[in-house]
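Asks:
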Amino acid sequence: MVKTMERTFLRKNGITLEQLRCFVCVYETLNITGAAQKLSKTQSAVTITLQKFEETIGVEVFNRRAGRNLVRTGSAENIYIKAIDILKRVDSLRVPTDKIIRVGIPDDFTTQKTLQIKNYLADVYTDATVSLIVDKNENHKRNYANGNLEFYFHKKLKVNNETPDADCGQYLYTSKLIWVSCKCVNLELIDYLPLVSFHEGCIPRVSLEHALAMLQIPYKFTYESFSWYQNIEAIKSGFGVGIILDTMYDKDLTILGLKEGFPTLWDIDIYFIGRPSPKVEDFADRLKDIFAK
């Protein structure tokens, strides 16, 4: 009976369960980022939901003009008490309290490998939700240092066939970079080399720039992005020559190498990083099996 009454109250007042959960999380954390992590939502989604909640009830619950941190308004406490009362009395409406295991992954993992990683960690952490976050290498490193990731996959250039660096975490495997184009390229017959590339600072770009220093002809960047997929499509469309992982090669691309005058590229080592413990080593061994298949 109580559940029916509470749902009727919410429906009549136009308040959604998502809005209630969002408000409670933000009230308790006073931080959009913290609430987003707890609710497994993006920061923008939390901000929009909170704004809709305030519009629905016609009351401003947080003062956003007091600097970067949120400040509760005088009305917020009473609304919070009422919200908690509803959530406590209706079990099915409670704010999720499941533990979340956040794992940072690069954008070049295939969907199949990503799903295998998620399923493996979900089997280990049966009492938690596994959340995979795709982002840049440096962002993963920073978020891990700040405590916002439990684990992440770290990329490091393999310079001059150096051995894996134990200080970088648990070594998993090496990704090989290759030159490709939509057709065969003869460097002796062109005035300059048109290039498709990642933006400056990205790991593949660093490998590319090292190789370009050994080229004997001028070059120009004709297409740049942060996406493997966009770069590959640009290469296939004829924007220029680019570099990809060998696992990304397909029949619509032509591989270019030393025979065509293209210098050797540095490869990329992949490491698994987590707080030092036997469990991390066990994870790495299982992940090696996943990537070996």
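Following the UniProt record's numbering, the numbering of the sequence shown begins with 1 at its first residue and continues without gaps.
The beta-carbon is built from N, C-alpha and C at its ideal position, and this holds for glycine as well.
1) Of the residues G147, D165 and G240, which one's Cα is nearest the Cα of Y192?
2) Count the other CB atoms within 10 Å of the CB of C22; is the residue buried (16 or more) or exposed (fewer)?
3) With DSSP as the reference, label K118 as helix, strand or coil.
4) Could you compute how far the alpha carbon of T174 sits from the alpha carbon of K99?
5) Excluding the 5 residues flanking Q170 on each side, which residues of the same chain have their C-beta closer than 7 angstroms to its C-beta?
6) Does the distance from the C-beta atom of Q43 to that of T33 stay below 8 angstroms?
7) Between the beta-carbon of F226 and the beta-carbon of F262, is there less than 8 angstroms?
8) Suppose the cutoff is 7 angstroms on Cβ atoms and the five residues either side in sequence are ignored; what does the same chain contact list for P204 look like?
9) Since A83 and V24 should fall inside the 8 angstroms C-beta cutoff, what is the C-beta to C-beta distance between them, to a whole number of angstroms?
10) Would you identify the three-state DSSP class for R64, choosing helix, strand or coil?
11) Can you give the beta carbon distance from L132 to V103, rounded, assuming they're within the 8 angstroms contact cut?
12) Taking the Cβ atom as the reference point for each residue, do T111 and V180 lie within a distance shorter than 8 angstroms?
Replies: By the coordinates alone:
1) As a working note, residue 192 is residue 192 in the sequence shown. Looking at the Cα atoms, G240 is the closest of the given residues.
2) Counting from one through the sequence shown, the residue named residue 22 turns up at place 22. Buried.
3) Position 118 of the sequence shown, counting from 1, holds the residue named residue 118. In this structure, K118 counts as helix in the three-state DSSP scheme.
4) Locating residue 174 in the sequence shown gives position 174, counting from the first residue. Locating residue 99 in the sequence shown gives position 99, counting from the first residue. In this structure, the CA atom of T174 is about 32 angstroms from the CA atom of K99.
5) To locate residue 170, count along the sequence shown from 1; it is residue 170. Counting only Cβ-Cβ distances below 7 angstroms, and skipping sequence neighbours, we find Y271, F272, V280, E281 and A284.
6) Locating residue 43 in the sequence shown gives position 43, where the first residue counts as 1. Locating residue 33 in the sequence shown gives position 33, where the first residue counts as 1. Contact: yes.
7) Counted from its first residue, the sequence shown places residue 226 at position 226. Counted from its first residue, the sequence shown places residue 262 at position 262. With respect to F262, F226 sits apart: the two C-beta atoms are not nearer than 8 angstroms.
8) Here residue 204 is taken as the residue at index 204 of the sequence shown, counted from 1. So the list reads L177, F198 and I243, once near-sequence residues are dropped.
9) Within the sequence shown, residue 83 is the residue found at index 83, counting from 1. Within the sequence shown, residue 24 is the residue found at index 24, counting from 1. Sure, about 5 angstroms apart at Cβ, within 8 angstroms.
10) Taking the first residue of the sequence shown as 1, we reach residue 64 at position 64. Note: R64 maps to coil in three-state DSSP.
11) Position 132 of the sequence shown holds residue 132. Position 103 of the sequence shown holds residue 103. About 5 angstroms separates the two Cβ atoms, so the contact holds.
12) Residue 111 sits at position 111 when you count from the first residue of the sequence shown. Residue 180 sits at position 180 when you count from the first residue of the sequence shown. Contact flag unset, no.
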